[in-house]
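S.K.: Before I ask anything, let me first share the structure, which is written out below as structure tokens.
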């Protein structure tokens, strides 16, 4: 009999920090643990080498007439520092009340084990389950999945044989409300560097003579938004997908409290895209944000220099159907056009990610062509969540970005059903990360029902 | 017979770095060397204790009918780091060609020794010279003269007995052209700190919801100048002294080359107060400059945060008759009025300095009441420079700030005759500082003649 909590404990005990070479043994241990577990459940396991950490590809079921679900997860975790802030050892799973504590408990070991447990339970009941399943479990998610694009291209044909992707690596707003994430924002990031004089200058001897790059930077950045808070770059909104009424209605059902949200953020005034509530603005509208700025003297006291250089780090969150490359281009062109004489401009390109959206069936007024298996999965999820949690799921786009979801779609054409399982209080990426065992139990039962529904097709 | 070069060598050998407690012995050595030297010349030397480094006050002549010159200088020097960039030992004076190398050679030991040598020569000729002389030599100039204001207040009555201040702690544009500095810009410095949310936020989850303090900072700073380069703060120029035609004419005689200046700065376009050449703008007009800016993530790569905080360091260079306190007030008020809702604003006050101007006689169309001894000193300097250097001095305001000059004027009413002796190539505050011995020789003769002229009054 498969004991999911014991298995999760074993998994957490492997300190699989992908970004730190000191954790090589933990990465290997976690990979071998998952591979072994899936092997013992009858999966054919392939460990795909990459430049850093291997990807586990494990399949069962070969009948081409069976529906085929690709389950995504990752076995790597964030670093556990600062260790002194942990109340229990980061890599020694500890159950307190209805929570299991440990690095990776919620991101992503707990939710992944929930999916594995659902599959194990189904296969124990019926080893001949008429369902093809492929686990795709990577070890570089916390590093930004650097090996994933190449892997996708290499395995595209094989992955394309699936009907859709199922994953639990998104959030629930609270313990009683399931959210199925059906949209993610994309990203376009780059840095702006300005140079004035060839070196820092004495502001007494030379002040009043030349352009200060901090002033030029402030003046350029200040032009990038309208006073009411829209991005002031020609063409920026051209490709933005219209928000459908059902999406706004769904979000209203979340019954999120603006006052509590403002308190959580520590602000007294929201500043949103005009015509959108804070919750709508973060999900449905793009942004142009300054993540960092620097230049000149930043220490204590004073240093009366006219600095030679100043820079800003810019990121745009994109919504469907904005294209990161085009957005980078028009924002850079706009900045170039607004850079004054006497200032040299350079860009440092950073990464990017496509936005993503999937429309659940029976919602949109303009439904898209959708795989019948995917549509069945959405309907099965709706039913399963309603009976296990006592309330139907909400279908919401999120403000965050999971670039691999759009990348899978782009390369293989597969859409994703994102069944969120971690809670705001789970402390992802922070000390004292934990996972709610009640959520794990209900999640396992929900996933079991969704997969059983598909197998009965 | 007084040998100025040997004395200067002895002086340089004392490593008198005021900011570094490790150089305590060097500070003491330099102070005792100067005190001893002046004592041996017949001066009554008083070593005035301060919280850090003592001030030397040395006087000769008691006849109240004699003119009284207060000669200012400082015995402390800048740190010599980075030592590995020195071609000769920093504290072992070395003569190569017509230059003496060593830390403090030009700032201020060489010029101060030039003045002492002139006095020594006069007193050797005539021990009964009918001139009162007071040397005021401080040891904290390179730290910003923190003990000076209190000293000034304490000794105000005694210092007020002088007719004017004479000093050599400013620059010559080249070896053939003496400049007597007759104006300095003042300073008003403070930092602006903005806070948005109570902590850094994930730009995916929360982007589009709240004001980013970097954006707010850029938008505020961008309002502080007009597009043509004036400071855009109501009332900022209200007290700015009109530039007189003779001042522009004097500056033209400097025959400074704009192209060479642009090349030196490494820029292709000047950006000045409208209606002023670069050389005029730096001397006659105030500025509002951004010396530093910071906020959010400044490291390699990306971090998609909405930062909680951003700040800028602001300094205004002021011209007569702008008042630093008033300027701070109106700039802060303007920034406050332009800070958007949702952003908390705090100022950190930094230091300030009054601007200074003295008008040489026979120049201005609207001459000021001036001490007859000061007027005589200017006329004597004019004559002495013309015969020793073969060209009359130029009377120019400078863009830099020497706050003690305005402070002496404010507390004692004394004006200053600033007879510059260091050259652009002297490497002040940098490795391989040196002083031109031909300048020293001509400077000594010039000062000798000026003082002799006053003594013949």
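Chains as they are written, first to last, in the numbering used here: chain A, 349 to 805; chain B, 349 to 805.
The beta-carbon is built from N, C-alpha and C at its ideal position, and this holds for glycine as well.
Note that the structure is predicted; figures quoted are calculated from it, not measured.
Count the CB pairs spanning the segment 772-792 of chain A and the segment 449-458 of chain A that are closer than 8 Å, and state whether there are at least three.
M.R.: Result yes; three or more Cβ-Cβ pairs closer than 8 Å.
S.K.: At least one CB of chain B closer than 8 Å to the CB of residue 567 of chain A: is that the case?
M.R.: Yes, residue 567 of chain A lies at the interface with chain B (some Cβ there is under 8 Å from its Cβ).
S.K.: When you compare the CB of residue 699 of chain A with every CB in chain B, is at least one pair closer than 8 Å?
M.R.: Chain B contact via Cβ: present.
S.K.: Can you name, in chain order, every residue of its own chain whose Cβ lies under 6 Å from the Cβ of residue 721 of chain A, other than the five neighbours on each side?
M.R.: Counting only Cβ-Cβ distances below 6 Å, and skipping sequence neighbours, we find 415, 511.
S.K.: What residues from chain A crowd round residue 554 of chain B, counting only those whose CB sits closer than 8 Å?
M.R.: Those within 8 Å of residue 554 of chain B in chain A are 613, 630, 747.
S.K.: So with CB distances below 8 Å, who are the chain A contacts of residue 644 of chain B?
M.R.: The contacting residues are 638, 639, 640, 641, 661.
S.K.: Can you find a C-beta in chain B that's less than 8 Å from the C-beta of residue 652 of chain A?
M.R.: Closer than 8 Å to some Cβ of chain B, the Cβ of residue 652 of chain A qualifies, so yes.
S.K.: Just how far apart, CA to CA, sit residue 418 of chain B and residue 734 of chain B?
M.R.: Each residue's Cα considered, the two are about 23 Å apart.
S.K.: Rounded to the nearest angstrom, what separates residue 770 of chain B and residue 794 of chain B at their Cα positions?
M.R.: Near 15 Å, if we compare the C-alpha coordinates of residue 794 of chain B and residue 770 of chain B.
S.K.: Bridge partners of residue 522 of chain A, per DSSP?
M.R.: Answer is A:525.
S.K.: With a threshold of 8 Å, are at least 3 pairs of Cβ atoms found where one atom belongs to the segment 575-595 of chain B and the other to the segment 572-591 of chain A?
M.R.: The segment 575-595 of chain B vs the segment 572-591 of chain A: no contact.
S.K.: If we cut at 8 Å on Cβ distances, does residue 712 of chain B have a partner in chain A?
M.R.: Taking Cβ atoms only, chain A never reaches closer than 8 Å to residue 712 of chain B, which makes this a no.
S.K.: Identify which residue in A:477, A:465, A:515, A:505 has its Cα closest to the Cα of residue 486 of chain A.
M.R.: If we check each option's Cα against that of residue 486 of chain A, A:515 comes out closest.
S.K.: Quick check: is the beta carbon of residue 677 of chain B nearer than 8 Å to any beta carbon in chain A?
M.R.: No, no contact with chain A.
S.K.: What are the boundary residues of the beta strand (DSSP E) that residue 480 of chain A is part of?
M.R.: Its beta strand (DSSP E) spans residues 480-486.
S.K.: Among the residues of its own chain, which have a CB less than 6 Å from the CB of residue 394 of chain A, if the five just before and after it don't count?
M.R.: Within the same chain, residue 394 of chain A has close Cβ partners 405.
S.K.: With DSSP collapsed to three states, give me the class of residue 630 of chain B.
M.R.: Residue 630 of chain B: helix per DSSP, three-state reduction.
S.K.: Kindly list, in the order they appear in chain B, the residues whose Cβ is closer than 8 Å to that of residue 551 of chain A.
M.R.: Near residue 551 of chain A (Cβ distances below 8 Å), the residues of chain B are 635, 637, 639, 663, 665.
S.K.: What is the rounded straight-line gap between the Cα of residue 368 of chain B and the Cα of residue 759 of chain B?
M.R.: Their backbone Cα atoms lie some 30 Å apart in a straight line.
S.K.: Determine the closest residue to residue 641 of chain A out of A:657, A:413, A:648, with distance taken between C-alpha atoms.
M.R.: Selected option, being the one with the closest Cα: A:657.
S.K.: Among A:520, A:766, A:762, A:646, which one has its Cα closest to the Cα of residue 737 of chain A?
M.R.: When only C-alpha atoms are compared, the closest one is A:520.
S.K.: Once the 5 residues before and after residue 572 of chain A are set aside, which same chain residues still bring their CB inside 7 Å of it?
M.R.: 579, 580, 581, 636, listed in sequence order.
S.K.: Would you report the Cα separation of residue 397 of chain B and residue 499 of chain B, rounded to the nearest angstrom?
M.R.: C-alpha separation (whole angstroms): 9 Å.
S.K.: Is DSSP giving residue 595 of chain B helix, strand or coil here?
M.R.: Residue 595 of chain B: helix per DSSP, three-state reduction.
S.K.: Thinking just about the alpha-carbon of each residue, which of B:730, B:709, B:409, B:459 is nearest to the one in residue 518 of chain B?
M.R.: Per the Cα distances, B:459.
S.K.: Strictly below 7 Å CB to CB, what residues from chain A border residue 422 of chain B?
M.R.: Here the premise fails: no neighbours, minimum Cβ distance about 18 Å.
S.K.: In the segment 600-627 of chain A, which residues sit with their C-beta less than 7 Å from some C-beta in chain B, listed in chain order?
M.R.: So the list reads 613, 614, 615, 616, 617, 618, 619, 620, 621, 626, given in the order they occur along the chain.
S.K.: Determine the chain B residues that contact residue 789 of chain A at a beta-carbon separation under 7 Å, and present them in chain order.
M.R.: Neighbours of residue 789 of chain A on chain B: none; closest Cβ ~27 Å, over 7 Å.
S.K.: Since residue 562 of chain B meets chain A, which of its residues come closer than 7 Å, beta carbon to beta carbon?
M.R.: Correct list: 638, 641.
S.K.: Out of B:497, B:639, B:717, which has the shortest C-alpha to C-alpha gap to residue 564 of chain A?
M.R.: Among B:497, B:639, B:717, the Cα nearest to that of residue 564 of chain A belongs to B:639.
S.K.: Does residue 401 of chain B come out as helix, strand or coil in the three-state DSSP assignment?
M.R.: If DSSP states are grouped into helix, strand and coil, residue 401 of chain B belongs with coil.
S.K.: At what residue ranges does the segment 432-480 of chain A contain a whole run of the alpha helix (DSSP H), taking only runs of 4 or more?
M.R.: For the segment 432-480 of chain A, whole alpha helix (DSSP H) runs of length 4 or above, ordered along the chain, are 458-473.
S.K.: What residues in the segment 510-524 of chain B have a beta carbon less than 8 Å from any beta carbon of chain A?
M.R.: From the segment 510-524 of chain B, no residue has a Cβ closer than 8 Å to chain A.
S.K.: So which residues on chain B does residue 558 of chain A lean against when the C-beta distance must stay under 9 Å?
M.R.: Here the neighbours are 610, 613, 615, 617, 618, 619, 620, 626.
S.K.: List, in order along the chain, the chain B residues whose C-beta lies closer than 7 Å to that of residue 544 of chain A?
M.R.: Within 7 Å Cβ-Cβ: 615.
S.K.: From the beta carbon of residue 484 of chain B, is the nearest beta carbon of chain A less than 8 Å away?
M.R.: Cβ-Cβ to chain A under 8 Å: no for residue 484 of chain B.
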